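Residue numbers (full-length UniProt numbering): 1 to 554.
Even for Gly, the Cβ is constructed at its ideal location relative to N, Cα and C.
A quick note: this is a predicted structure, and the numbers were derived from the prediction, not measured.
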Amino acid sequence: MILVYGCNSAFLHFLDPSSRIRNINTSSYNMSTKREIAAKIHSLLKTLPKDRIKHYASFKDVQLERFSNPEKIANISEQDLKLQYVSLRDLVNDKYKNYYKLDDKLLKPKGNPRYYDRILAEIKGEKKETWMDAIRTVVYALHIMVALTFRSRLLSVLAGCVLIYLVVHFNKRLPDSYSAEEINSMFQDKESSTVHVRKVELKDQALAAPYIDQSTLRSPNWNMAGNFLITNDAVRLVSDKQHQAANMFTKMPIQAQSFEMELTFNIHSKSSRNLYADGMAVWFIDEPSPIGDVFGARNYFNGLGIFLDTYRNGKQSSFPHVVAMVGDGRTRYDKSTDGFDTMLASCRATKAVNPDFGSVRMRIIYLKGGYLSVDLNYQPEDESRWRNCFTVPEVKLPVVKYLGVSAETGELSHAVDVIENKVFALYHPESNEFVESMEDFERMMQQQQDEKEEKADSSPQGKRRQRRKNKVERKSVRRLKAAEKRIKEQERALRKEKYGDPDATLPVRIKRGIVSFLKMLLYLLFIVLAIWVAYIVHRTRKQTRRSKATGLLD
């Protein structure tokens, strides 16, 4: 088979004498005999260059001989001769342009059953070819919709919908940057084809059923205090009763500087008026806390507290609400303002109480360099349902940090069940170094991509496939860089709102504090020096006046 460009679809009927067209009105052509028609065809054939047929160079001579032979002309009906004349005329004039398939010296268009009818209508002078006819011819010629019959409107609509879907689907562009949820999933090694992170489970911080050791009737990893209750399905920190408080802290500190954690819990209440309180908290602090007044733990803590507050005390209108605070051991968490005056970041968690799917999952990612991100999933079994609560890049946790979970009720109440907890340390794939920051993660992704390219270069069979993968991976690196830039811009906006300066990072704030202190000290020294000089001058003048008053000549 050979594809020939620029030929005319009408040529089909010129080359196919078996076609029979009846009852054609030919008065407009003034052709009285078949001999005159054959003579016109013969003259048109002479104008047709052989290179239009390419491989079949002898075709023109064969057809010239055919229409010069009276016996062969006699075997062709006058109607077919007229139709073939019009078809050949169109071919010479290049009126119809399309793709054709050459087979057994017959030029056949790839489909389009309506073409023959259009030629017939044109001979009758009833209809000219429209743009839609030309489009149908092209569609059939490309074998896009060979199986469809365009006489059916339903099939035409369905074909259009499918075509639109394919165009939208295959032209859909990836976002320019990763979302916070996608980045956190990559930290969890859930996108290992893009970047691989080595995870090591920290079993000292794990919680799963059964929650107690049968020999000691105590939890192997956690110390619990307060009004807790251990069931087969969960550790119930507080029941749906008034004025309860409880907490649980790990016996051992977290032995990792970079880690990811997933906590599954359920806050539920029987209140028909959606009135419940007070909430729960997740802690990363320098020492286990006794029972206290901040969601079941002590105030003036040193470390990070993530509070899921279920009752509004301050001006905020949307509750439940998640608020994060970094304490220094001297700063107080203020319940009357729901902690908003000392908050690090916050988000709404309106589906956290009485969740539709029976539980909520909280994902916490922390890196040694200060990256902190918290996600919530109200459909824990569906990994695509993570929603970012907040992401901040500069949070410093204590070197020694204990993990804790606490809960509290007040005049209003709800139950808090802790169902499961898993913590994993995050390492580089080939070393014991922690994933330190977003920049480090970006370098790690780039390094893994380079290694894949080197491996593909050494294997000729996989080069083409790897090139396609490399394009996707390079796009992944660019998206990660864009996400890192977005997070930094968000942090700058937060610093500007909080400190009035977008560049007021923690080191900068410490440096500025030291400089301000030194300036104040210097000003104080100048003031003291000025007072001392003034005092010396005053004292000298006073002594001079006294010496004048008590001289020998007085």
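Whole-angstrom C-beta distance between residue j and residue i, which should lie under 8 Å
i, j, result
"Val435", "Val197", "6 Å"
"Ala225", "Pro290", "7 Å"
"Asn421", "Ala206", "6 Å"
"Pro288", "Asn223", "6 Å"
"Arg89", "Leu44", "6 Å"
"Phe295", "Ala281", "4 Å"
"Ala324", "Asn247", "At roughly 18 Å, the Cβ-Cβ gap does not stay under 8 Å, so Ala324 and Asn247 are not in contact."
Residues that residue i bridges to, as DSSP identifies them
i, result
"Glu262", "Arg363, Lys422"
"Asp309", "Gly279, His321"
"Thr250", "Trp222"
"Gly404", "Phe249, Trp283"
"Ser373", "Ile365, Thr391"
"Val238", "Val416"
"His268", "Ala415"
"Ser346", "Val323"
"Tyr427", "Arg198, Phe434"
"Val353", "Ile267"
"Leu207", "Asn421"
"Asp328", "Asn302"
"Val528", "In DSSP, Val528 forms no bridge with anything."
"Ala38", "Beta-bridge pairing links Ala38 to no other residue."
"Ala74", "None, per the DSSP bridge assignment."
"Leu229", "Arg236"
"Asp213", "Arg218"
"Val533", "DSSP output for Val533 lists no bridge partner at all."
"Val294", "Ala297"
Short Cβ contact (8 Å threshold) for residue i with residue j
i, j, result
"Phe259", "Leu202", "yes"
"Asn299", "Arg348", "no"
"Val374", "Thr310", "no"
"Lys34", "Glu65", "no"
"Ile267", "Gly404", "no"
"Lys190", "Glu430", "no"
"Ala425", "Ala256", "yes"
"Phe249", "Arg236", "no"
"Met261", "Val423", "yes"
"Val392", "Leu344", "yes"
"Ile419", "Thr231", "no"
"Phe390", "Ser346", "yes"
"Asn432", "Glu181", "no"
"Tyr427", "Val162", "no"
Nearest to residue i (by Cα), restricted to the options the options
i, options, result
"Asn313", "Leu412, Glu78, Leu81", "Leu412"
"residue 636", "Thr391, Cys389, Arg363, Pro393", "Residue coverage of the chain in this structure runs from 1 to 554, which leaves residue 636 outside it and unanswerable."
"Trp283", "Lys270, Ser318, Ile37, Gly327", "Gly327"
"Pro220", "Phe228, Met252, Phe187", "Met252"
"Gly358", "Ser269, Arg545, Lys315, Gln543", "Ser269"
"Lys335", "Arg273, Phe307, Arg387", "Phe307"
"Glu71", "Lys46, Arg387, Ala38, Lys60", "Ala38"
"Tyr402", "Ile254, Asp240, Lys315", "Ile254"
"Gln446", "Thr194, Thr350, Ile164, Trp386", "Thr194"
"Ile183", "Met438, Leu529, Lys452, Gln543", "Met438"
"Asp240", "Leu521, Phe517, Asp417, Thr544", "Asp417"
"Lys40", "Asn75, Lys60, Tyr85", "Tyr85"
"Gln63", "Gly329, Lys46, Asn75", "Lys46"
"residue 594", "Lys351, Val162, Arg330", "Because residue 594 is not part of the residues shown, which for the chain are 1 to 554, the question remains open."
"Gly292", "His243, Thr216, Ala415, Leu275", "His243"
"Val322", "Lys315, Gly329, Gly279", "Gly279"
"His414", "His538, Arg539, Ser271", "Ser271"
"Gly329", "Phe67, Leu372, Leu397", "Leu397"
"Ser192", "Gln449, Ile164, Phe67, Val360", "Gln449"
"Ser179", "Trp386, Leu81, Asp80", "Trp386"
**Item:** Contact the segment 398-410 vs the segment 333-341: 3+ CB pairs below 8 Å
**Value:** no
**Asked** Three or more C-beta pairs closer than 8 Å, one from the segment 357-375 and one from the segment 442-449: is that the case here?
**Response** no
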